[in-house]
Amino acid sequence: MSALPAVDAPVQATLDADGRLVAADEALLALQVEAGGDPNGLLVIPALAALVRLVQRLRIPISRGVEVAQGETDISMWVQLRPDDEGMALAIVDWQARTPRRAPEDVPAIHLAVAGDEGHGWNWQVDTRLRFRTVDQDAEELGHEPPRIGDPLTAYFQLDTRDDTAMPLLEALALRLPFCNQSAILRADAAIAYRISGAPLFDNGGALMGYRGRAVRIDEVPAPAPQPEAEVVHIFGPDLGRRLDQALRQPLGRIIANASTISGQLEGPLRQDYAEYAADIAAAGRHLLELVDDLADLQAIERPGFTTAQEEVDLADLARRAAGLLNVRANARRVRIQTPPLGERAPARAEYRRVLQILVNLIGNAVRHSPEDSIIWVRVDDEAGRARAIVADQGGGIASEDHERIFERFERLGLAGGEGSGLGLYISRKLARAMGGDVTVDSAMGQGARFTLDLPGWTA
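All residue numbers for the sequence shown refer to UniProt numbering, where the first residue is 1 and numbers rise by one.
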């Protein structure tokens, strides 16, 4: 792997409004190529790309220290980003290359405890966005394609998300702890199963740098000894959603209210950039509040014995109500939602609140992915003892190989920035199935997406 050129002066780059490199100094281009990006493509260096997206959202200058990796070298840099009418200017005013910090000393013990034989498996390191930064050369000897530098770990591995399976990796990430025995399969070959373990890496200031760990083929190691039921401990605990709701809902509500007051200039005129910044704060607060709701719902639907009410609901009426809740957001994006006409009905046996929740999620996703000046169609039908609501958009579409992936927990396929929690479709499908139905998708790239909520029809 080639070494980076010497850096004796600030490194400069210009990006367009989409975050693509228009011009860049040699040192930054070398990092871009090492990360798997194109010299004239989207900036893909994870730490820098995250800052670019932040500037795109806030439209204010940002100056911040970040850590990136290149081969066997870690680089500390101070980055300045300034937006303009055509995109933004990037300057790295401090660039310090150094030998990577060693992983915590207990990582080898984790490897040995999982692998049983240090000669099997392969080592990996990811950044804070779970993108591969280094991959052990032994991976090339395993009989399948190793991950590429810059690929997301969750795009290479599919984590085991069975209802009765703990998620050590996700729980550890939340608390920045080591994890062991995360079951996973290769997305490229579901017949190849792995057990993944790792430990967090921190910089001198205590900031998380990423994770380093080991992946071991399950058919190469003995299964872990079963633990007594009483000794199984879940880091999140059974009441995480309730505790988050109690701790965060009120302060988030105050933040949203105050930021909305500022952005609306209800107490007097304000510079436009400050008003826009306050609007971004309010939007971020609403996003966090939605995430709290999603986590509470996630714990509710995965609790043993979860059930829903069985009552008569009208999918046509609920579709009109869901669209009404999203009209402001749709109008802001110049998207029109076409709902079933008044008088049309599609009676179903389900829980009113849960069906409305599913339709708000499906229509909200359609609004998010629709281009300006497009139409979203919401249709219903009632036949053969089933009631259906169909939400169709004119967005970019979903590749056939991703039709099931989008329903996985924490999957945010194709979403940039902070949009979405990756839980909406997962929760919607779980709720639909709990009511005796399902949520499915029919889509192809470039042809929009068509989501169908199918439920038992109402019979008196």
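Idealized CB from N, CA, C, for every residue including glycine.
Nothing here was measured: the structure is a model prediction, and the numbers come from that model.
DSSP places L29 within a helical segment (H, G or I) once states are collapsed to three. Looking from the CA of L51, the closest CA among A432, L325, M88 belongs to M88. Here the alpha carbon of T452 sits roughly 16 Å from the alpha carbon of S400. In the DSSP assignment, S63 forms a beta bridge with Q80. Around the Cβ of N331, a 10 Å sphere holds fewer than 16 other Cβ atoms; the residue is exposed. Shown here, S370 sits in coil according to DSSP, grouped into three states, outside any helix or strand. If you look at S428, you'll find it in the alpha helix (DSSP H) that goes 424-434.
In the DSSP assignment, the residues bridged to G198 are F179, G213. Residue pairing by DSSP puts A24 in a beta bridge opposite A13. R271 and T261 have their C-alpha atoms some 14 Å from each other. The continuous stretches of beta strand (DSSP E) do not include A323, which lies in the alpha helix (DSSP H) extending over residues 315-325. Distance from the CA of A27 to the CA of P10, rounded to the nearest whole angstrom, comes to 10 Å. As the crow flies, the alpha-carbon of D438 is around 8 Å from that of K430. In the three-state DSSP reduction, A392 falls in the strand class (E or B). In the DSSP assignment, R349 is bridged to E312. Sequence-distant Cβ neighbours of A444 in its own chain, meaning closer than 6 Å and more than five residues away, are G397. Annotation: I363 to W95 spans about 46 Å, alpha carbon to alpha carbon. Per DSSP, R333 lies in no alpha helix (DSSP H) segment and is marked neither H nor E. Here Q32 is buried, its C-beta having at least 16 other C-beta atoms within 10 Å. Counting along the chain, A50 sits inside the alpha helix (DSSP H) bounded by residues 46-58. In this structure, G210 sits away from G198, with a CB-CB distance that is not shorter than 7 Å. By the Cβ criterion, the region 298-311 is in contact with the region 349-361, since at least three pairs of Cβ atoms, one from each stretch, lie closer than 8 Å. Distances from the CA of F202 to each of S183, G324, D74, Y156 were compared; the closest alpha carbon is that of D74. DSSP places I406 in the helix class (H, G or I) of the three-state scheme. According to the DSSP assignment, L153 belongs to the alpha helix (DSSP H) that extends over 153-156.
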